[in-house]
Amino acid sequence: GAVVSQHPSRVICKSGTSVKIECRSLDFQATTMFWYRQFPKQSLMLMATSNEGSKATYEQGVEKDKFLINHASLTLSTLTVTSAHPEDSSFYICSARRSSSNEQFFGPGTRLTVL
Amino acid sequence: QQQVKQSPQSLIVQKGGISIINCAYENTAFDYFPWYQQFPGKGPALLIAIRPDVSEKKEGRFTISFNKSAKQFSLHIMDSQPGDSATYFCAASSKAAGNKLTFGGGTRVLVKP
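Chains as they are written, first to last, in the working numbering: chain A, -1 to 113; chain B, 21 to 133.
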């Protein structure tokens, strides 16, 4: 149990376009989902916390208008990178937390390359 | 300010040896300390986790040692295998802060056959 999927696994887009990444908890309900960004050979940096049915909470320095997060159901959260630029190229990873639990289960990540 | 410091950055160990990774934290409100294993191009996978009311936890070849007074915790990988070659991250979170994980910088472990 506790499987989290992400789609797509990798995406290449042109500068200026928008990209949507989906995060799904497949076998449990996730009251909270988190979005992370990871640059090569670096640690994971939390971007935002997403709670079902409410607005996401963004970490300091993360532009909420650029990284749109929607947590429409207990099993789905989406991250949309708007007007992507080459500096947005990174590995984006989501995680999902079961209610009444500390454990976070991570998705396989999405490799975004902006040309 | 880095709240969780991890060392070493990289580690080479022979097959069958013990890999030891250390982490130190500053925020005394942290109440959950997980370790994650990450292979290249994949998401992190939870290995083992501990709470501050326990000084040691063992699961198979993986052991966490926790020192609350020193605000330090470590991961020991016993009988290291080539398949253990990966990047390991310690992390910490507090319920008061919404269970948001703060990650250490990571340790790249290479197990030589």
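All C-beta atoms, glycine included, are put in the ideal place defined by N, C-alpha and C. Only a predicted model underlies this, so the values are computations on that prediction, with no experimental measurement involved.
Could you round the C-beta distance between valine 2/A and valine 9/A to whole angstroms and report it? I think they count as a contact, below 8 angstroms. For a cut-off of 8 angstroms, the C-beta gap from valine 2/A to valine 9/A is around 18 angstroms, too long to register as a contact.
Give the DSSP bridge partners of glutamine 29/B, in chain order. Answer is none; glutamine 29/B lacks a bridge partner.
Residues that DSSP places opposite glutamate 79/B in a beta bridge: DSSP output for glutamate 79/B lists Phe82/B as bridge partner(s).
Nearest to glycine 59/A by CA position, among Asp25/A, Ile67/A, Lys53/A, Met45/A, is which residue? Checking every option, the nearest Cα to that of glycine 59/A belongs to Met45/A.
Could one say the Cβ of phenylalanine 37/A lies closer than 8 angstroms to chain B's Cβ atoms, at least one of them? Phenylalanine 37/A does not count as touching chain B.
Can the beta-carbon of aspartate 99/B be found less than 8 angstroms from the beta-carbon of arginine 128/B? Taking 8 angstroms as the Cβ cut-off, aspartate 99/B and arginine 128/B do not qualify as a contacting pair.
Mapping the DSSP letters down to three states, classify lysine 132/B as helix, strand or coil. Note: lysine 132/B maps to strand in three-state DSSP.
Among the residues of its own chain, which have a CB less than 6 angstroms from the CB of aspartate 86/A, if the five just before and after it don't count? Taking aspartate 86/A as the centre and dropping the five residues before and after it, the same chain places the C-beta of Val79, Val112 closer than 6 angstroms to its C-beta, in chain order.
In chain A, which residues lie less than 8 angstroms from lysine 77/B when you measure between Cβ atoms? Under the 8 angstroms cutoff, chain A gives no residues; its nearest Cβ is about 14 angstroms from lysine 77/B.
Less than 8 angstroms separating the beta-carbons of serine 94/B and asparagine 47/B? No, the pair does not count as a contact, with Cβ atoms beyond the cut-off.
Restricting to Cα atoms, I'd like to know which of Thr107/B, Ala117/B, Ile32/B, Leu130/B is closest to serine 42/A. Position check: residue 42/A holds leucine in this sequence, whereas serine was assumed. If we check each option's Cα against that of leucine 42/A, Thr107/B comes out closest.
Against chain B: residues of the region 45 to 63 of chain A by CB proximity under 7 angstroms: From the region 45 to 63 of chain A, only Thr47 have a Cβ closer than 7 angstroms to chain B.
Looking at the C-beta of glutamate 85/A, does it have a partner C-beta in chain B at a distance below 8 angstroms? Not closer than 8 angstroms to any Cβ of chain B, the Cβ of glutamate 85/A fails to qualify, so no.
Simplified DSSP state of lysine 62/B, which is helix, strand or coil: When secondary structure is reduced to three states using DSSP, lysine 62/B falls in the coil class, being assigned neither helix nor strand.
Where does the unbroken beta strand (DSSP E) through glutamine 40/A begin, and where does it stop? Careful: glutamine 40/A lies outside any beta strand (DSSP E) and carries neither H nor E.
Whole angstroms are fine: how far does the CA of phenylalanine 32/A sit from the CA of aspartate 51/B? The C-alpha of aspartate 51/B lies about 18 angstroms from the C-alpha of phenylalanine 32/A.
Below 8 angstroms, how does it come out for the region 19 to 31 of chain A and the region 83 to 103 of chain A: are there three or more Cβ pairs, yes or no? Contact holds between the region 19 to 31 of chain A and the region 83 to 103 of chain A, because three or more Cβ pairs, one in each stretch, are under 8 angstroms apart.
Please return the same chain residues whose Cβ sits closer than 7 angstroms to the Cβ of leucine 72/A, not counting the five positions on each side in sequence. Leaving aside the five residues that flank leucine 72/A on each side, the residues in its chain whose CB is nearer than 7 angstroms to its CB run, in chain order, Gln27, Ala28, Thr29, Glu50.
Could you tell me the boundaries of the beta strand (DSSP E) in which histidine 69/A lies? Unbroken beta strand (DSSP E) run through histidine 69/A: 65 to 71.
In the region 74 to 98 of chain B, which residues sit with their C-beta less than 7 angstroms from some C-beta in chain A, listed in chain order? So the list is empty, because no residue satisfies the distance condition.
Which stretch, first to last residue, makes up the beta strand (DSSP E) that contains leucine 110/A? Counting along the chain, the unbroken beta strand (DSSP E) around leucine 110/A starts and ends at 108 to 112.
Measuring CB to CB, does glutamine 4/A end up less than 8 angstroms from isoleucine 19/A? In contact: glutamine 4/A and isoleucine 19/A (Cβ atoms closer than 8 angstroms).
Work out the CA separation of glutamine 40/A and threonine 15/A for me, nearest whole Å. Roughly 26 angstroms between the two C-alpha positions.
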